[in-house]
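Contents: one structure, followed by commentary.
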Amino acid sequence: MSASTRGGWRVALRLARREALRRKGQTVLMLVLICLPVVAVTAAAIVWRTQDVSSAESVDRRMGSADALVETTGADRVVQGFDPYDSFGTFGEDDLSPGPNLGRGDVEAVLDVLGHDRPVIPLDRDSRLFETDRGVGDMEVVTTDLAHPLADGLLERVEGKYPPGPGEVVVNQALASRGPGIGDTLTVIRKTADGEKTLDLEVVGIAESTENRGYELAAGLPGAFGETENPTGRWLVGGGPVSWDDVRALNAIGVLVASRQVLTDPPPESALDPVAGGFDEPVDQVVVSVLALVGVMVLLEVVLLAGPAFAVRAKAQAHTLALVAAAGGTPGQARRTVLASGVVIGGLGGVLGVGIGIGIGAVAVPVAQLFDTTRFGPFDVPWPLLLLVAGFGFLSAVLAAVVPAFSASRQDVVAVLAGRRGERRLSVRSPFLGLALLGAGVAGAAVGAGTSGRGGGAGSVLIAGSALVSVVGMILVVPVVIALVARSAARLPLALRFAARDASRHRTRTVPAVAAVGATVAGVVALGIAVSSQEAANADAYVPMLPDGYGSVALSADADRSAVVDVLGRSLRDDQVVDVRGVQTSTDQGELEFEFRQGGDVLMLSHWGTLGSSYVVGAKVPDYVDLSADARAEADAVLDAGGLVLMRSERSYPEGYPAPELDGGPVTVDVRRWSPEEEASTATDVASAAAPSAVVEVSRSSPAVVLFSPRLLERLGLETSTVGMFIYGPVSEEAEKDLQEALAALPTAAYLYVERGYQPDAAVRIVQVVLAALGGILMLGGTLTATFLALSDARPDLATMAAVGARPRTRRTVAAAYALVVGGVGAVLGAPVGFIPGLAISQPLTRSWETGATAVDVPWLLILTVVAGLPLLTAAAVGACARGRLPLTARID
Amino acid sequence: MSAVLELTDVTRVHGEGPAAVQALRAVSFRAHAGELVAVMGPSGSGKSTLLTLAGGLDRPTDGRVVVEGVELGALGNDERARMRRTSIGYVFQGFNLIPALTAAENVALSRELDGVAARTARAEARRVLEEVGIGDLADRFPDDMSGGQQQRVAIARAVVGERRLILADEPTGALDTETGEEILRLLRARCDAGAAGVLVTHEARHAAWADRVVFLRDGRVVDETGAESVDLLTEPAAR
Chain D
1 MSASTRGGWR
11 VALRLARREA
21 LRRKGQTVLM
31 LVLICLPVVA
41 VTAAAIVWRT
51 QDVSSAESVD
61 RRMGSADALV
71 ETTGADRVVQ
81 GFDPYDSFGT
91 FGEDDLSPGP
101 NLGRGDVEAV
111 LDVLGHDRPV
121 IPLDRDSRLF
131 ETDRGVGDME
141 VVTTDLAHPL
151 ADGLLERVEG
161 KYPPGPGEVV
171 VNQALASRGP
181 GIGDTLTVIR
191 KTADGEKTLD
201 LEVVGIAEST
211 ENRGYELAAG
221 LPGAFGETEN
231 PTGRWLVGGG
241 PVSWDDVRAL
251 NAIGVLVASR
261 QVLTDPPPES
271 ALDPVAGGFD
281 EPVDQVVVSV
291 LALVGVMVLL
301 EVVLLAGPAF
311 AVRAKAQAHT
321 LALVAAAGGT
331 PGQARRTVLA
341 SGVVIGGLGG
351 VLGVGIGIGI
361 GAVAVPVAQL
371 FDTTRFGPFD
381 VPWPLLLLVA
391 GFGFLSAVLA
401 AVVPAFSASR
411 QDVVAVLAGR
421 RGERRLSVRS
431 PFLGLALLGA
441 GVAGAAVGAG
451 TSGRGGGAGS
461 VLIAGSALVS
471 VVGMILVVPV
481 VIALVARSAA
491 RLPLALRFAA
501 RDASRHRTRT
511 VPAVAAVGAT
521 VAGVVALGIA
531 VSSQEAANAD
541 AYVPMLPDGY
551 GSVALSADAD
561 RSAVVDVLGR
571 SLRDDQVVDV
581 RGVQTSTDQG
591 ELEFEFRQGG
601 DVLMLSHWGT
611 LGSSYVVGAK
621 VPDYVDLSAD
631 ARAEADAVLD
641 AGGLVLMRSE
651 RSYPEGYPAP
661 ELDGGPVTVD
671 VRRWSPEEEA
681 STATDVASAA
691 APSAVVEVSR
701 SSPAVVLFSP
711 RLLERLGLET
721 STVGMFIYGP
731 VSEEAEKDLQ
741 EALAALPTAA
751 YLYVERGYQP
761 DAAVRIVQVV
771 LAALGGILML
781 GGTLTATFLA
791 LSDARPDLAT
801 MAAVGARPRT
811 RRTVAAAYAL
821 VVGGVGAVLG
831 APVGFIPGLA
841 ISQPLTRSWE
851 TGATAVDVPW
861 LLILTVVAGL
871 PLLTAAAVGA
881 CARGRLPLTA
891 RID
Chain L
1 MSAVLELTDV
11 TRVHGEGPAA
21 VQALRAVSFR
31 AHAGELVAVM
41 GPSGSGKSTL
51 LTLAGGLDRP
61 TDGRVVVEGV
71 ELGALGNDER
81 ARMRRTSIGY
91 VFQGFNLIPA
101 LTAAENVALS
111 RELDGVAART
121 ARAEARRVLE
131 EVGIGDLADR
141 FPDDMSGGQQ
151 QRVAIARAVV
161 GERRLILADE
171 PTGALDTETG
181 EEILRLLRAR
191 CDAGAAGVLV
201 THEARHAAWA
211 DRVVFLRDGR
221 VVDETGAESV
231 DLLTEPAAR
């Protein structure tokens with residue numbers, strides 16, 4: 001850098017610093033625009049990093065005051081990362097392995113490695129059912145000697161004492177609020193192969209987990225909740241640091257180790273077994289690319305929002321820049337002087353934003369903790385990340401000053417010194433370049449949409465890149481559109497005419513504001529289309545099992561029917577519930593499998609159903625199966641003839657697998673039974689028979705798939721039982737909730753299903769509302785900035801208006817009109833640009849794996865709200881906020 | 001005596017076609033070292049255009065502008081800017097100081113832009129401010145100074161760095177009579193020290209400080225008179 005360039009920067013920075021102090025109001029506005037995203041991201045980063053508990057931070061909550069938590073795996077040997085929670089692999093778990101295969105009682109083998117003088121206590125975590133005031137609930141149980149010093153830090157005692165004996169427990173507040181408090185009895189339910197067992201324990205204290213909140217938890221001495229089914233053993237080990245070498249030695253006998261020393265002060269990565277390094281999930285390049293593009297879009301948005309403020313600052317400095325030129329400043333010096341404003345504001349904004357963000361983060365952390373069940377770690381300020389965020393603020397300010405800087409360097413010095421100012425002529429090349437970029441954006445999006453598989457891929461990156469190109473193209477088109485609007489403003493009312501022409505005369509200030517609104521609207525429209533389309537695809541793929549509001553209960557083989565009927569009777573009328581009899585396929589003897597053949601073809605049937613079995617029996621088609629009269633008559637005739645009815649709807653079959661075409665002739669039924677062993681199960685033929693058949697179309701998925709005649713089942717030698725119950729609707733949501741809880745309390749399994757139709761994901765609605773709100777805020781921000789800067793700039797014109805008799809409300813009307821021009825033009829330009837990535841990204845998001853079909857749903861209401869509603873709303877808000885008093889100062893230039 | 005500023009058949013046309021305005025028409029003009037030349041004429045006669053061309057802020061449509069032997073029309077933007085930093089000084093009617101800079105910083109501006117170290121440039125600026133009689137105001141901002149003080153700073157800015165051509169556009173227009181006379185005395189002294197000065201003015205009594213007076217009308221030099229006849233100065237048309 002030459003001496004004159006260095007000197008130039010020195011002068012430029014001094015001027016920028018002093019200008020920032022001289023024009024405090026404008027500086028505050030610029031700082032707000034730059035700071036806001038920095039503040040938001042900083043606060044979010046602090047909440048994220050604080051809630052994200054690192055291995056080192058989790059040591060106390062995982063192992064109390066112990067030096068290590070060791071766990072046998074039953075494997076010959078293991079390979080683990082520094083934290084076994086993050087990654088580990090086991091070797092030789094089968095019977096053929098020659099290793100020691102340590103289990104629950106093998107703590108001695110652990111101490112052989114670590115030394116027998118170390119204190120050790122067992123620690124186990126499991127889940128149990130317990131009796132609540134209204135039924136049965138789940139709880140987490142922790143078994144260890146909580147009074148032992150090694151366990152100190154696992155729980156926080158709130159009230160009472162730690163359990164001194166095996167019949168006593170502590171519970172957390174969440175569990176106590178559902179029933180047993182201090183002095184009460186906690187009834188634990190265990191379902192075992194021998195049936196249900198209960199265990200009464202006395203609650204002697206309240207203690208909260210240091211790891212989670214909100215979940216029901218109880219803790220007691222080992223064995224307090226009955227034997228665990230976990231074959232491995234876990235122990236807390238004290239007596240001094242457990243080194244990485246100790247960890248490796250224990251890994252060699254199949255023991256996983258979380259060591260306090262290793263987690264808080266990990267050895268170099270090179271100490272890891274090469275196999276453990278392979279456990280890490282590779283970084284998804286697509287996600288990284290898309291995130292980078294999103295980052296660029298956010299940067300662009302901030303730059304565009306802040307652009308008008310820098311343009312006005314540069315304009316205010318025009319005279320200074322002309323004087324600098326008169327004193328020998330080069331055009332480059334003018335550029336430096338305006339860019340220095342970006343450097344000063346960006347530097348200050350970045351530091352200030354990070355500072356404020358840390359403060360807001362400190363306030364937000366306890367609030368966020370209320371919505372998270374995992375306890376946050378200590379307050380964590382991720383300085384390297386915040387440095388990047390501050391750099392983002394700095395960069396956005398400098399970039400926002402780039403266009404004004406180049407405009408300033410091209411200003412007519414003589415004209416400015418003579419008091420004449422004006423915008424340079426419209427660039428002829430820019431709109432064409434903009435249209436070319438828009439075309440490239442459309443083409444890129446189309447290619448990306450065509451090449452993406454469902455859910456993403458490189459095509460998504462191409463689409464995101466095309467979105468960026470399209471937005472840049474739109475920005476280049478904005479000046480010519482503004483000029484066209486001004487030209488066609490002749491017949492508009494005075495305020496709109498003035499606003500349109502003023503916007504055109506001061507394009508350096510107007511273009512970034514309009515572009516910011518356009519980019520916002522484009523983003524909202526694109527995301528809106530993507531989210532709605534995905535939702536439409538989900539709704540289209542939904543298969544209702546029953547008529548809306550109707551229900552069914554699936555009974556397991558050992559279910560107590562009368563108990564289920566009793567429960568249903570508490571909330572439903574008797575005539576609402578009918579038994580469904582069928583073949584119970586899951587039995588103690590194994591799983592029954594049915595195969596249906598016609599000729600040599602095996603018929604592919606849907607196996608979906610909401611009853612305990614998809615194979616039901618009846619002499620006639622039950623009236624809960626929705627059939628036309630003709631189909632019902634045909635099906636009844638087949639059943640009467642000892643046949644079977646195959647029920648199907650188009651949606652019963654996966655896309656690409658057509659429903660079976662039957663010629664009405666006999667269908668052969670083969671029945672096999674798979675032996676109950678989980679591994680090496682074998683199939684045995686049970687029966688086979690041919691019978692007349694009918695295929696009936698049901699208007700929705702039937703709760704069953706095949707309806708057998710009693711005679712056919714008799715021929716097959718199969719027993720029937722009540723496999724479930726059909727519930728005529730409507731079943732209210734409240735009744736459903738009560739029934740669910742009451743059925744869960746029954747000792748045998750009975751599953752209630754109530755058809756509610758497709759339930760849109762609440763998150764989608766939230767996303768749409770957030771999108772509209774975000775769009776509104778950004779649009780309001782961009783429009784307000786541009787409008788008030790314009791009003792400040794137009795002060796002499798408004799004074800002239802006042803002098804010739806304009807009413808005070810004229811200023812308000814002009815302000816509203818200016819907001820309408822900026823917001824309206826931006827929205828109208830941005831909406832079609834948003835369609836480009838929106839339609840494109842909907843393709844990979846909704847593409848069916850089987851058929852390649854896609855869905856597009858345009859949220860017209862959202863778009864109409866953003867394009868028409870928001871500009872009008874913004875204009876009204878601006879009009880209401882603007883001062884009505886017209887300036888009375890005389891024109892000075 | 002060598003000419004510091006030399007304009008030869010300089011024409012400047014603003015705009016194009018029917019909207020074209022001829023600000024200067026084939027004007028030839030010289031200012032020598034140690035000479036103060038006053039330029040007089042009615043509004044729109046081309047006085048300020050002549051000054052912007054002489055300062056290299058604008059380019060002539062036709063003709064040559066030579067400063068210290070260098071033809072400005074042959075230079076690029078950066079070279080002409082360098083000429084303004086090293087050879088040409090401007091004094092405006094409205095002072096035109098940069099409000100964000102102190103008096104010393106305003107004066108030091110061209111030196112700093114030329115790559116001179118800030119400390120050196122400011123020391124130089126303070127010395128020139130002493131010369132124009134306001135050394136004690138070096139650290140004041142323009143808003144805290146009177147009109148006369150601001151114009152003294154402007155003159156200091158124009159002469160700092162031993163620049164040889166001083167262009168003054170109505171430098172006393174915004175000042176009272178007494179202060180205006182002081183400013184002209186400073187300008188005169190600078191020319192007596194070896195610089196060439198061009199003073200654009202409306203007032204004959206100010207032109208009396210000059211060695212020569214050049215009259216412009218409708219973009220042409222219509223008359224030129226010596227300093228000895230300054231008491232009789234009136235516009236040629238009125239004579």
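Top line first, the protein sequences correspond to chains D and L.
Sequence positions in the first sequence follow UniProt numbering and run 1 to 893.
Sequence positions in the second sequence follow UniProt numbering and run 1 to 239.
Glycine included, each C-beta is placed from N, C-alpha and C at the ideal position.
- Against chain D, a Cβ distance below 9 Å from L/G115 picks out S2, A3, S4, T5, R6, G7 and G8.
- In the three-state DSSP reduction, D/A252 falls in the coil class, being neither helix nor strand.
- Interface annotation for the region 324 to 346 of chain D against chain L: V324, A325, A326, A327, G328, G329, T330, P331, G332 and Q333, criterion Cβ-Cβ distance under 9 Å.
- Excluding residues up to 5 positions away in sequence, C35 lie with their Cβ nearer than 6 Å to the Cβ of D/L352 in the same chain.
- The C-beta of D/R313 comes no closer than 8 Å to any C-beta of chain L.
- In this structure, D/G329 places its C-beta atom within 8 Å of the C-beta atom of L/A81.
- The beta carbon of D/Q740 lies closer than 8 Å to those of L752 in the same chain, with the five residues before and after it left out.
- Annotation: Cβ neighbours of D/L15 in chain L (cutoff 8 Å, chain order): I98, A100 and L101.
- Residues of chain D whose Cβ lies closer than 9 Å to the Cβ of L/R220 do not exist, since the nearest Cβ in that chain is about 20 Å away.
- If you draw a 10 Å sphere on the C-beta of D/I766, you find fewer than 16 other C-beta atoms in it, and that means exposed.
- With contact defined as three or more Cβ pairs closer than 8 Å, the region 821 to 838 of chain D and the region 460 to 468 of chain D are in contact.
- With respect to the 8 Å criterion, D/A750 and D/L873 are not classified as neighbours on the basis of their beta carbons.
- Proximity of chain D to L/T52 at the Cβ level (cut-off 7 Å) is accounted for by V414, in chain order.
- D/T320 has a beta carbon lying within less than 8 Å of a beta carbon in chain L.
- Within 10 angstroms of the beta-carbon of D/W383 lie fewer than 16 other beta-carbons, which makes it exposed.
- In the structure shown, D/F392 adopts helical secondary structure according to DSSP, grouped into three states.
- Linking D/L546 to D/Y624 through their CA atoms gives a straight-line distance of about 9 Å.
- In this structure, D/V878 sits near D/A816, with a CB-CB distance shorter than 8 Å.
- Among the residues of chain D, those whose CB is under 8 Å from the CB of L/R157 are A327, following chain order.
- Here DSSP, grouped into helix, strand and coil, assigns D/Y728 to coil.
- The secondary-structure analysis by DSSP pairs D/F91 across a beta bridge with D/R77.
- In the DSSP assignment, the residues bridged to D/A219 are D/V142 and D/V170.
- Residue range L494 to R505 is occupied by the alpha helix (DSSP H) that includes D/R505.
- The beta carbon of L/G180 lies closer than 6 Å to those of T172 in the same chain, with the five residues before and after it left out.
- Looking from the CA of D/T5, the closest CA among D/R375, D/T520 and D/R335 belongs to D/R335.
- Remark: C-beta atoms of D/G214 and D/A742 do not approach each other more closely than 8 Å.
- Scanning its chain for C-beta atoms nearer than 6 Å, with the 5 sequence neighbours on each side dropped, one finds around D/G8 the residues Q333 and R336, in chain order.
- Inclusion of L/L199 and L/A168 in the CB contact set at 8 Å is warranted, their separation being smaller than that value.
- With respect to chain L, the C-beta atom of D/V428 has no partner C-beta closer than 8 Å.
- With respect to D/E593, D/W674 sits close: the two C-beta atoms are nearer than 8 Å.
- Rounded to whole angstroms, the separation of the alpha carbons of D/W235 and D/S55 is 18 Å.
- By the Cβ neighbour-count rule, D/V275 is exposed, with fewer than 16 other Cβ atoms within 10 Å of its own.
- Only S48, T52, G55, L57 and D58 from the region 46 to 71 of chain L bring a Cβ to less than 8 Å from some Cβ of chain D.
- Taking 9 Å as the Cβ-Cβ cut-off, the region 250 to 272 of chain D has no residue approaching chain L.
- Rounded to the nearest whole angstrom, the CA to CA distance from L/F95 to D/W860 is 60 Å.
- Contact annotation: L/V91 and L/A210 have beta-carbon atoms that are not nearer than 8 Å.
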